[in-house]
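Numbering (our numbering), first residue to last: 55 to 246. Comments concern the structure below.
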Amino acid sequence: MIEKKTYYFEKPGKANTGDCLSIVKAAVKDLGYKHIVVATTGGETGVLFSEAFKGTGINLVAVSHSHGFKEPNTIELDPDLTNKIRANGAILYTGTMVTHSLESAFAKQFNGLYPTLIVAQTLRRFGEGAKVCCEIAMMAADAGLVPEGVDIITVAGTGRGADTAMVIRSAASKRFMELKVQEILAKPMFGI
55 MIEKKTYYFE
65 KPGKANTGDC
75 LSIVKAAVKD
85 LGYKHIVVAT
95 TGGETGVLFS
105 EAFKGTGINL
115 VAVSHSHGFK
125 EPNTIELDPD
135 LTNKIRANGA
145 ILYTGTMVTH
155 SLESAFAKQF
165 NGLYPTLIVA
175 QTLRRFGEGA
185 KVCCEIAMMA
195 ADAGLVPEGV
205 DIITVAGTGR
215 GADTAMVIRS
225 AASKRFMELK
235 VQEILAKPMF
245 GI
């Protein structure tokens with residue numbers, strides 16, 4: 055039997071970002087993880103994590119929403135924060151969310167429910183951040199920014215900031231069934 059600690063935040067959201075970063079730092083120090091994938095919408099969380107792991111040899115990948123995610127011809131990333139993330143030695147990846155874009159368009163047009171939307175809704179039972187942690191792990195693997203089949207730390211949040219951290223056995227989206235949630239380091243309590 056192995057005993058592990060999971061941290062639960064009383065409320066979801068940005069206020070947990072600093073604690074989430076501390077939890078991830080401890081996991082890297084204690085268990086030697088080499089890859090961290092962090093969700094960043096506007097860039098603030100990406101900057102915070104890239105500053106914290108600058109010069110450590112950790113492969114830090116900050117994943118943002120795709121262009122046009124919120125509205126046509128826009129990106130939510132702040133250009134100044136984009137530059138800071140890269141200056142800190144992190145990789146910034148902007149791509150299509152595996153469980154969102156194409157099938158969301160079909161669902162909106164035809165009022166149906168499609169397999170990846172079912173996967174997204176199922177993952178949301180663990181929290182919005184847990185869903186995003188799984189998505190960004192696959193996005194980073196799809197882009198070749200993290201190797202497949204290794205345990206990586208993923209970090210995401212509910213809305214902005216970070217309130218969820220998980221250890222995930224990475225897999226490309228084509229091999230979704232090989233993606234494994236190994237450990238939940240932190241997440242918010244339910245009841246929001």
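Ideal Cβ placement from N, Cα and C applies to all residues, glycine included.
Go through its chain and collect everything with a Cβ distance to residue i's Cβ below 6 Å, but skip five positions before and after it.
i      : result
Asp205 : Val221, Arg223, Gln236
Lys108 : Asn142, Gly143
Thr60  : Ile238
Do you know whose CA, among the options, lies nearest residue i's CA?
i      : options                        : result
Ile112 : Leu177, Lys83, Glu182          : Lys83
Thr136 : Val115, Met231, Phe123         : Val115
Ile238 : Glu232, Asp217, Glu64, Phe103  : Asp217
Ala225 : Lys138, Met243, Pro126, Ala194 : Ala194
Gly181 : Lys59, Tyr61, Pro242           : Pro242
Ala219 : Phe230, Thr148, Gly203, Lys185 : Lys185
Phe244 : Met55, Glu57, Phe63            : Phe63
Ala210 : Glu57, Lys59, Lys58, Asn70     : Asn70
Phe230 : Thr208, Gly143, Lys108, Thr170 : Thr170
Gly203 : Ile190, Ala106, Phe123, Leu233 : Leu233
Lys79  : Thr128, Ala174, Thr110         : Thr110
Gly183 : Lys124, Thr128, Pro126, Cys74  : Cys74
Which residues bound the beta strand (DSSP E) around residue i?
i      : result
Ile90  : 89-93
Gly239 : The sequence as given places Leu at residue 239; Gly does not occur at that position. Unbroken beta strand (DSSP E) run through Leu239: 234-242.
Phe63  : 61-63
Asp205 : 205-210
Thr218 : 218-223
Return yes when at least one heavy atom of the ligand GDP lies under 7 Å from the C-beta of residue i, else no.
i      : result
Tyr168 : What this structure holds is no ligand at all, so the ligand GDP is not there to describe.
Roughly how far, in whole angstroms, is the beta-carbon of residue i from the beta-carbon of residue j, given that I think they are within contact range, below 8 Å?
i      : j      : result
Ile90  : Ala240 : Incorrect: roughly 14 Å between the Cβ atoms, too far for contact.
Gly72  : Gly213 : At roughly 16 Å, the Cβ-Cβ gap does not stay under 8 Å, so Gly72 and Gly213 are not in contact.
Leu177 : Cys188 : 6 Å
Gly100 : Val92  : 6 Å
Considering residue i, what are the terminal residues of the alpha helix (DSSP H) in which it resides?
i      : result
Thr148 : From DSSP, Thr148 is part of no alpha helix (DSSP H) but of the beta strand (DSSP E) over 145-148.
Leu75  : 71-85
Asn137 : 133-141
Only counting the same chain, and skipping five residues up and downstream in sequence, which positions put a Cβ closer than 7 Å to that of residue i?
i      : result
Ser227 : Val152, Met192, Asp196
Thr150 : Ser120
Phe164 : none
For residue i, I'd like the list of residues in its chain whose CB is within less than 8 Å of its CB, leaving aside the five on either flank, ordered along the chain.
i      : result
Thr95  : Ser118, His119, Glu130, Leu131, Arg214
Ile139 : Thr94, Gly97, Gly100, Val101, Ser104, Ala116, Leu146
Ala81  : Tyr87, Ile207, Ala219, Val221, Leu239
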